[in-house]
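Chemist: Once you've had a glance at the structure underneath, I'll fire off some questions.
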Amino acid sequence: MTASGEALFAREGEGFRPSPLARGPWSASALHGGPVAALLARLAEGLPQPVPMHPARATVELLRPVPLAPLRGEARILRPGRKVQLTESTLFAGDVEVARATLLWIRREAQPLPEDHGGGRAAPPPPPTGAAATPPRWVTDAPAYHSHAVEHRVVRGSWGGLGPCTDWIRLRVPVVAGETPTPLQRVAAAADFGNGISAALPFGAWRFINPDLTIHLERLPAGAWVCLDAVTWLAGEGVGVAESALFDERGRLGRAQQSLLLEKA
Numbered sequence: 002m003t004a005s006g007e008a009l010f011a012r013e014g015e016g017f018r019p020s021p022l023a024r025g026p027w028s029a030s031a032l033h034g035g036p037v038a039a040l041l042a043r044l045a046e047g048l049p050q051p052v053p054m055h056p057a058r059a060t061v062e063l064l065r066p067v068p069l070a071p072l073r074g075e076a077r078i079l080r081p082g083r084k085v086q087l088t089e090s091t092l093f094a095g096d097v098e099v100a101r102a103t104l105l106w107i108r109r110e111a112q113p114l115p116e117d118h119g120g121g122r123a124a125p126p127p128p129p130t131g132a133a134a135t136p137p138r139w140v141t142d143a144p145a146y147h148s149h150a151v152e153h154r155v156v157r158g159s160w161g162g163l164g165p166c167t168d169w170i171r172l173r174v175p176v177v178a179g180e181t182p183t184p185l186q187r188v189a190a191a192a193d194f195g196n197g198i199s200a201a202l203p204f205g206a207w208r209f210i211n212p213d214l215t216i217h218l219e220r221l222p223a224g225a226w227v228c229l230d231a232v233t234w235l236a237g238e239g240v241g242v243a244e245s246a247l248f249d250e251r252g253r254l255g256r257a258q259q260s261l262l263l264e265k266a
């Protein structure tokens, strides 16, 4: 459904111009959180590291709707270190800060584990191979990220129903034109779908917008597919939490959480 060569963003001078493929479901003039998270991750990856480091945690703050308009990005190291490093990436629309991410990096080195270690083990979801492509529940007339820039393969639950859902997600276009998405960008682009695929309330009658996204990663994904095994939790006070266990075809790789602002449409 996308034209070859398209991307979520194109370089424009020192900044980035989003394409309609980055559009979100809540407003025709605002971006989906997935492309925003992926671009913030890209900015962080450009900072120097003293040793090979792993992005153990990424926390994205969606400070206001990110417009379908030129954006400027900045990145800086908040806490340098050879074992732990903290970075911050920021996106601006004009002079207004619209999104921010802090990433916690931990040094990466081989640490063979004993077979009888007491760490958790998770059963992998059914694989994406053999599963049919699943059209999203929210179809828009114009191109949008959730319907045109990614492929979904739901293996448990349903886009059309309510409740927990297990969805394999694959980027169909680059994050930035001319660049191959990194594993971190791929998982950031997918992790923001948790509240959408596991909706606990009907989309037409309710809004459940996430002003944040936090991702914890034991390892980076291998391959193009990232799976979210997602569930939404509500308590009747206008607030919710969406939780997603993250997998690739090798097994579990981490977890994502989103705070939810609930209100009637």
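The working numbering puts the sequence shown at residues 2 to 266.
Here a beta-carbon is modelled for each residue, glycine too, at the ideal position from N, C-alpha and C.
Remember, predicted model here, so these are calculated numbers, not experimental data.
Using the Cα positions of C166 and R157, report the straight-line distance between them to the nearest angstrom.
Modeler: 6 Å
Chemist: Determine, using beta carbons only, whether S30 and L69 come nearer to each other than 7 Å.
Modeler: Note that the C-beta distance between S30 and L69 is below 7 Å.
Chemist: Below 7 Å between beta carbons: does that hold for G237 and L263?
Modeler: Contact: no.
Chemist: Just checking my contact of S199 with A243 at CB under 8 Å: how many whole Å lie between their CB atoms?
Modeler: 6 Å between Cβ atoms; contact.
Chemist: Among V188, V67, P56, V61, which one has its Cα closest to the Cα of V85?
Modeler: P56
Chemist: Can you tell me whether L41 is helix, strand or coil according to DSSP?
Modeler: helix
Chemist: Quick check on the burial criterion: 16 or more other C-beta atoms within 10 angstroms. Buried or exposed for G95?
Modeler: exposed
Chemist: By the DSSP assignment, the beta strand (DSSP E) with R58 in it spans what residues?
Modeler: 54-63
Chemist: Please report how far the alpha carbon of W160 lies from the alpha carbon of W169, in whole angstroms.
Modeler: 12 Å
Chemist: Starting from the Cα of R154, find the closest Cα among R73, E7, V97, V227 and give me that residue.
Modeler: V227
Chemist: Just to confirm the assignment, what range does the beta strand (DSSP E) spanning P19 have?
Modeler: Start and end: 16-19.
Chemist: Looking only at its chain, what residues have a beta carbon closer than 7 Å to the beta carbon of A4, apart from the 5 residues adjacent to it on each side?
Modeler: Low local confidence applies: a pLDDT of 42 at A4 is under 50, so the model's placement there is unreliable, with the coordinate-based value given in what follows. Once the five neighbours on either side are set aside, A4 has no close Cβ partner at all.
Chemist: Quick one: using the 10 Å Cβ neighbour count with 16 as the cut-off for buried, is L114 buried or exposed?
Modeler: exposed
Chemist: Using only the alpha-carbon positions, how far apart do D193 and G34 sit?
Modeler: 6 Å
Chemist: Report the rounded CA-to-CA distance for P21 versus L9, giving the unit in angstroms.
Modeler: Rounded to whole angstroms, the separation of the alpha carbons of L9 and P21 is 8 Å.
Chemist: Just to confirm the assignment, what range does the beta strand (DSSP E) spanning V156 have?
Modeler: Run containing V156: 151-157, per the beta strand (DSSP E) assignment.
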